[in-house]
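The next block holds one structure in the form of structure tokens; read it before the comments.
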Amino acid sequence: MLFSDSGGSMDPHIKLMEELFSAAHTEFKHLEFFYFHNCVYEAVWKDNKRRWSERHNMLDVLHKFPHDYKVIFVGDASMSPYEINYPGGSVEHWNEEAGAVWMRRAVEHWPKSVWLNPVGERHWHYTQSVALLKDLMEDRMYPLTLEGLDSGMRTLAK
Numbered sequence: 524m525l526f527s528d529s530g531g532s533m534d535p536h537i538k539l540m541e542e543l544f545s546a547a548h549t550e551f552k553h554l555e556f557f558y559f560h561n562c563v564y565e566a567v568w569k570d571n572k573r574r575w576s577e578r579h580n581m582l583d584v585l586h587k588f589p590h591d592y593k594v595i596f597v598g599d600a601s602m603s604p605y606e607i608n609y610p611g612g613s614v615e616h617w618n619e620e621a622g623a624v625w626m627r628r629a630v631e632h633w634p635k636s637v638w639l640n641p642v643g644e645r646h647w648h649y650t651q652s653v654a655l656l657k658d659l660m661e662d663r664m665y666p667l668t669l670e671g672l673d674s675g676m677r678t679l680a681k
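If you read the sequence shown in the numbering used here, its first letter stands for residue 524, the second for the next number, and so on.
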């Protein structure tokens with residue numbers, strides 16, 4: 524399963540994301556994908572054009588896809604730390620629970636999960652939110668490079 528950040532600071536990475544989605548479809552026999560903005564909250568969506576009208580409740584997604592699914596989150600993890608740490612921190616809507624709560628739920632439910640970051644690893648320390656999400660992912664954040672993909676896939680295969 525693939526969850527991808529969309530919009531904002533991810534816009535420069537759209538072409539790379541399209542290539543990743545295309546490659547993922549050929550590698551995985553059954554691939555589900557969802558979008559989120561900045562951090563996973565109570566809802567995700569399958570089509571950016573319909574992100575406000577056709578949302579999927581994240582609790583339903585957690586219940587629908589079992590623990591043995593391998594999950595890849597993709598995003599630059601670049602946002603205000605408030606979006607991760609506080610209710611109401613989302614820049615788009617009032618979130619009742621902090622993004623960290625939702626990320627912990629996802630990582631606990633899908634222990635075979637990784638985060639791929641399109642921003643070069645040497646730049647990660649400039650953004651506090653990258654460190655926060657890397658910690659929530661239990662250090663399973665990898666750069667979206669060939670080496671990073673290889674490391675991430677090895678982690679998922681363990």
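Glycine residues also receive a C-beta, built at the ideal position from the N, C-alpha and C atoms.
Source: prediction; values computed, not measured.
Going by alpha carbons, who is nearest to residue i out of the options?
i      : options                        : result
Ser613 : Asp528, Leu667, Ala680, His560 : His560
Val563 : Lys572, His579, Pro641         : His579
His626 : Ala566, Phe556, Glu555, Trp575 : It is worth fixing the name first, because residue 626 is Met in this sequence and not His. For Met626, the nearest C-alpha among the options comes from Ala566.
Leu669 : Asp583, Lys593, Leu639         : Leu639
Glu555 : Asp662, Phe596, Ser529         : Phe596
Could you check the C-alpha separation between residue i and residue j for me, to the nearest Å?
i      : j      : result
Met676 : Gln651 : 25 Å
His590 : His632 : 5 Å
Pro610 : Tyr558 : 20 Å
Glu620 : Val630 : 16 Å
Val642 : Glu577 : 29 Å
Met664 : Leu582 : 23 Å
Trp575 : His648 : 33 Å
Asn608 : His553 : 33 Å
Under a three-way DSSP split, which group does residue i fall into?
i      : result
Ser652 : helix
Trp736 : No statement about residue 736 is possible, as the shown extent of the chain runs from 524 to 681 and does not include it.
Asn640 : strand
Asp570 : coil
Whole-angstrom Cβ separation of residue i and residue j, contact assumed at under 8 Å?
i      : j      : result
Lys715 : Leu679 : What is shown of the chain runs 524 to 681, which leaves residue 715 out entirely.
Val637 : Ser601 : Rounded, the Cβ-Cβ distance is 18 Å, inconsistent with contact.
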